[in-house]
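Q: First to last, the protein sequences are chains A and B. Numbered by my numbering, the letters in the first sequence go through residues 491 to 605 in order. Numbered by my numbering, the letters in the second sequence go through residues 3 to 116 in order. Where a beta carbon is used, it is the ideal one built from N, C-alpha and C, also for glycine. The structure's right below; bear with me while I get my questions together.
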Amino acid sequence: GAVVSQHPSRVICKSGTSVKIECRSLDFQATTMFWYRQFPKQSLMLMATSNEGSKATYEQGVEKDKFLINHASLTLSTLTVTSAHPEDSSFYICSGTVSNTGELFFGEGSRLTVL
Amino acid sequence: AQKITQTQPGMFVQEKEAVTLDCTYDTSDPSYGLFWYKQPSSGEMIFLIYQGSYDQQNATEGRYSLNFQKARKSANLVISASQLGDSAMYFCAMRETSGSRLTFGEGTQLTVNP
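See the structure below:
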């Protein structure tokens with residue numbers, strides 16, 4: 491199946507710094523990329539949906555100025571957590587698809603720890 | 003609005019036995035897809051099985067089968083001949099054809115005992 495490469499897999503940063511997470515679709519063109527956040531022992535919560543070349547659509551309660559999403563090409567989407575705080579510590583996972591009804595391919599996830 | 007419910011936070015099963023993980027859903031969209039994913043402790047999401055709302059037959063993939071009861075809006079996952087490696091978190095998810103997003107249930111932590 492198609493592969494979405496996500497990195498870094500783990501990142502530890504100091505409070506107040508910014509962290510960038512990348513998702514690359516290696517063998518398909520992801521027209522749409524979804525970004526999820528997962529707290530321990532909880533479900534995946536959709537943060538935002540991004541379509542290549544346009545601004546991301548954020549879910550209610552997700553701060554767009556804090557979680558910057560860029561989907562500049564069909565093979566790369568990035569999530570930047572700006573001015574990270576300990577409460578932003580979580581597992582972030584991306585998922586790409588070719589079309590609205592196409593199969594979804596998940597990245598391996600990134601575990602962020604903010605000290 | 004769509005909603006996915008998994009009422010079993012944790013399930014235990016003996017190795018080699020079958021286990022059913024429950025999932026109910028709610029949607030007003032007549033066209034939708036139902037998914038099951040496995041998430042081991044490493045965090046990756048592993049696709050297991052898919053059922054379309056118009057599919058006449060219940061989906062099967064190896065040891066996984068989906069008990070799809072459309073009128074009851076349930077899509078339970080059946081794992082046959084459980085293995086120790088099946089111990090993981092299992093998520094049911096739904097995707098309406100009118101939108102591309104995937105909405106997940108709360109998950110069920112499955113533990114397979116030797």
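Residues in the region 74-107 of chain B with C-beta within 9 Å of chain A's C-beta atoms, listed in sequence order?
A: Residues passing the 9 Å Cβ filter: M91, F93, A95, R97, T99, S100, G101, S102, R103, L104, T105, F106 and G107.
Q: In terms of alpha-carbon separation, which member of B:V80, B:E17 and B:C94 lies closest to Y39 of chain B?
A: Here the closest residue by C-alpha is B:C94.
Q: With DSSP as the reference, please indicate the residues paired to T568 of chain A in a beta bridge.
A: Note: T568 of chain A sits in a beta bridge opposite A:E512 and A:N560.
Q: Given a limit of 7 Å on CB to CB distance, which residues of the region 33-48 of chain B reach chain A?
A: Under the 7 Å Cβ criterion, the region 33-48 of chain B contributes G45, E46 and M47.
Q: List, in chain order, every chain A residue whose beta-carbon is nearer than 7 Å to that of G109 of chain B.
A: The contacting residues are S533.
Q: Going by DSSP in three states, E549 of chain A sits in which element: helix, strand or coil?
A: Coil.
Q: Taking only the alpha-carbon atoms, compute the straight-line gap between Q71 of chain B and I51 of chain B and give it to the nearest angstrom.
A: If you take the alpha carbons of Q71 of chain B and I51 of chain B, they lie about 15 Å apart.
Q: Under 8 Å between beta-carbons, which chain B residues line up against R514 of chain A? List them in chain order, please.
A: None at all; the shortest Cβ gap to chain B is about 16 Å.
Q: Pick helix, strand or coil for S28 of chain B, following the three-state DSSP scheme.
A: Position check: residue 28 of chain B holds Asp in this sequence, whereas Ser was assumed. Correct three-state label for D28 of chain B: strand.
Q: For T16 of chain B, tell me which candidate among B:E98, B:S89, B:G109 and B:A73 has the shortest Cα-Cα distance.
A: Thr is not the amino acid found at residue 16 of chain B; the sequence shown has Gln there. Per the Cα distances, B:S89.
Q: Determine the burial state of S600 of chain A: buried for a count of at least 16 other Cβ atoms within 10 Å of its Cβ, exposed for fewer.
A: S600 of chain A should be labelled buried.
Q: Below 6 Å CB to CB, which residues in the same chain sit around S33 of chain B once its five sequence neighbours on both sides are set aside?
A: Closer than 6 Å at Cβ, skipping near neighbours: S55 and T99.
Q: What whole-angstrom Cβ distance do H575 of chain A and S505 of chain A have, given they're in contact under 8 Å?
A: H575 of chain A to S505 of chain A, Cβ: 6 Å. Contact.
Q: Does DSSP classify E577 of chain A as helix, strand or coil?
A: If DSSP states are grouped into helix, strand and coil, E577 of chain A belongs with the helices.
Q: Under 8 Å, Cβ to Cβ, is there at least one residue of chain B near F557 of chain A?
A: Cβ-Cβ to chain B under 8 Å: no for F557 of chain A.
Q: From the DSSP output, read off the bridge partner residues of R500 of chain A.
A: Partner(s): A:R601.
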